[in-house]
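*Asks:* Going by my numbering, the first residue of the sequence shown is number 599, and it counts up by one from there. Where is the CB? At the ideal position from N, CA and C, for every residue including glycine. Given the structure is predicted, the values throughout are model-derived calculations rather than measurements.
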Amino acid sequence: MTRAGGDGVSGNVDRGVRLVDRISLGVLADVVLCDVVEDVLAEMGKREQRTRLLPAHVMVRFCQAMCLFPDDDYEKVMRKLVGSLRMMGSWRSEWRVPTTSAITQARQRLGSEPLRLLFERLAVPVAESGTRGAWLGTRRIMAVDGFTLDLPDTPDNVSEFGKSNNERKASGFPQALVVALAECGSHAIVDATPSGYRGDEKALARLVLGSVEPDMLITADRNFYSYDCGANSSTPAPTCCGGSAPKWSCRCWTGCPTAPTPRS
Numbered sequence: 599m600t601r602a603g604g605d606g607v608s609g610n611v612d613r614g615v616r617l618v619d620r621i622s623l624g625v626l627a628d629v630v631l632c633d634v635v636e637d638v639l640a641e642m643g644k645r646e647q648r649t650r651l652l653p654a655h656v657m658v659r660f661c662q663a664m665c666l667f668p669d670d671d672y673e674k675v676m677r678k679l680v681g682s683l684r685m686m687g688s689w690r691s692e693w694r695v696p697t698t699s700a701i702t703q704a705r706q707r708l709g710s711e712p713l714r715l716l717f718e719r720l721a722v723p724v725a726e727s728g729t730r731g732a733w734l735g736t737r738r739i740m741a742v743d744g745f746t747l748d749l750p751d752t753p754d755n756v757s758e759f760g761k762s763n764n765e766r767k768a769s770g771f772p773q774a775l776v777v778a779l780a781e782c783g784s785h786a787i788v789d790a791t792p793s794g795y796r797g798d799e800k801a802l803a804r805l806v807l808g809s810v811e812p813d814m815l816i817t818a819d820r821n822f823y824s825y826d827c828g829a830n831s832s833t834p835a836p837t838c839c840g841g842s843a844p845k846w847s848c849r850c851w852t853g854c855p856t857a858p859t860p861r862s
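#1: Considering just the uninterrupted stretch of the beta strand (DSSP E) at Phe745, what are its terminal residues?
#2: Let me check one thing: in DSSP terms, what residues is Trp733 bridge-paired to?
#3: Taking 8 Å as the cut-off, decide whether the C-beta atoms of Ser809 and Leu779 are in contact.
#4: If you draw a straight line from the alpha carbon of Ile701 to that of Met814, how long is it in whole angstroms?
#5: Contact defined as beta carbons within less than 8 Å: I believe Lys761 pairs with Pro712. What is the distance between those atoms, to the nearest angstrom?
#6: Name the two residues that bound the continuous alpha helix (DSSP H) containing Met642.
#7: Under a Cβ-count criterion, where at least 16 other Cβ atoms within 10 Å of its own Cβ denotes burial, should Asn755 be classed as buried or exposed?
#8: Under a Cβ-count criterion, where at least 16 other Cβ atoms within 10 Å of its own Cβ denotes burial, should Lys767 be classed as buried or exposed?
#9: Using CA atoms only, rank isn't needed, just tell me which of Asp748, Ser784, Ile787 is closest to Ser769.
#10: By DSSP, does Ala700 sit in helix, in strand, or in coil?
#11: Quick check: the Cα distance between His865 and Phe717, rounded to an integer number of angstroms?
#12: Based on the DSSP output, what are the partners of Pro792 in its beta bridges?
#13: Ignore the nearest five residues each way along the sequence and tell me which others in Val675's own chain have a CB closer than 7 Å to its CB.
#14: DSSP three-state label for Leu651, please.
#15: Taking the DSSP output, what are the residues bridged to Ala721?
#16: Can the beta-carbon of Ser682 be found closer than 8 Å to that of Asp619?
#17: In or out: Gly744 buried (at least 16 other Cβ within 10 Å) or exposed?
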């Protein structure tokens with residue numbers, strides 16, 4: 599997904615970096631360990647010489663930082679990232695932020711596949727036996743749901759993902775539709791599939807249900823009820839439950855009525 603760049607002016611990395619930004623980046627570095635990043639880059643053949651100004655491992659961190667700071671341009675994201683690394687003593691003091699053009703070229707060299715593989719390595723259930731709200735008996739409670747993400751308003755993003763619209767006008771930003779499989783107790787995402795704004799949620803759900811494991815109990819709202827989604831899982835019944843019972847017979851689905859909401 600492309601993002602508009604800044605003014606292209608390189609400079610000091612510490613300008614405008616807040617403490618909360620450094621904490622967020624520190625937590626990210628603690629979860630996404632350097633060894634895992636290096637293993638993924640080696641597997642994808644993306645390792646580079648450390649003499650590059652923007653080696654592949656830095657660009658992996660940069661792409662992650664873009665998700666933490668979605669409203670910032672390239673230069674500002676890089677400034678926050680490197681400022682945090684410098685505070686932790688893991689960055690050269692003389693390093694200066696490259697231009698937006700240089701960062702763009704480095705992103706293109708990296709590509710998207712290393713990030714996809716890194717997600718697959720890290721997207722696992724994390725709840726322990728005592729985690730509140732994570733278990734029903736011996737079954738790990740999971741949820742399948744869809745949501746939309748606003749994207750930078752660039753021609754490429756509009757062409758790839760599209761915009762929502764009503765009778766009067768289109769939305770200000772292109773949007774991606776994402777369906778995810780997440781662990782309820784921890785909110786950890788185990789699998790996710792994106793598409794354009796007008797994508798088919800049920801079709802995307804069939805893809806993420808491929809990551810269901812035998813000990814999981816899947817919850818979903820009634821919009822996801824379909825024979826194909828239920829039959830996609832080969833785990834012991836009942837694998838899936840939701841707000842209303844299906845009108846067809848499938849051993850994987852069971853109804854679980856819930857209290858009405860204002861939107862029901």
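*Replies:* Quick answer:
#1: Phe745 -> beta strand (DSSP E) spans 737-748.
#2: DSSP lists Arg738 as partners of Trp733.
#3: Yes, the pair counts as a contact, with Cβ atoms nearer than the cut-off.
#4: Roughly 41 Å between the two C-alpha positions.
#5: Contact flag wrong, Cβ pair sits at about 29 Å.
#6: Looking at the DSSP string, Met642 is not in any alpha helix (DSSP H), and its letter there is neither H nor E.
#7: Per the 10 Å Cβ criterion, buried.
#8: It counts as exposed.
#9: Nearest of Asp748, Ser784, Ile787 to Ser769, Cα basis: Asp748.
#10: Annotated three-state conformation of Ala700 is helix, per DSSP.
#11: It is not possible to answer for residue 865, since the shown part of the chain is limited to 599 through 862.
#12: For Pro792, DSSP records a beta bridge to Val776.
#13: Around Val675: Phe660, Ala663, Met664, Phe667.
#14: In this structure, Leu651 counts as coil in the three-state DSSP scheme.
#15: Paired residue(s): none; Ala721 is not in a bridge.
#16: Here Ser682 is near Asp619, since their CB atoms are less than 8 Å apart.
#17: Result: buried.
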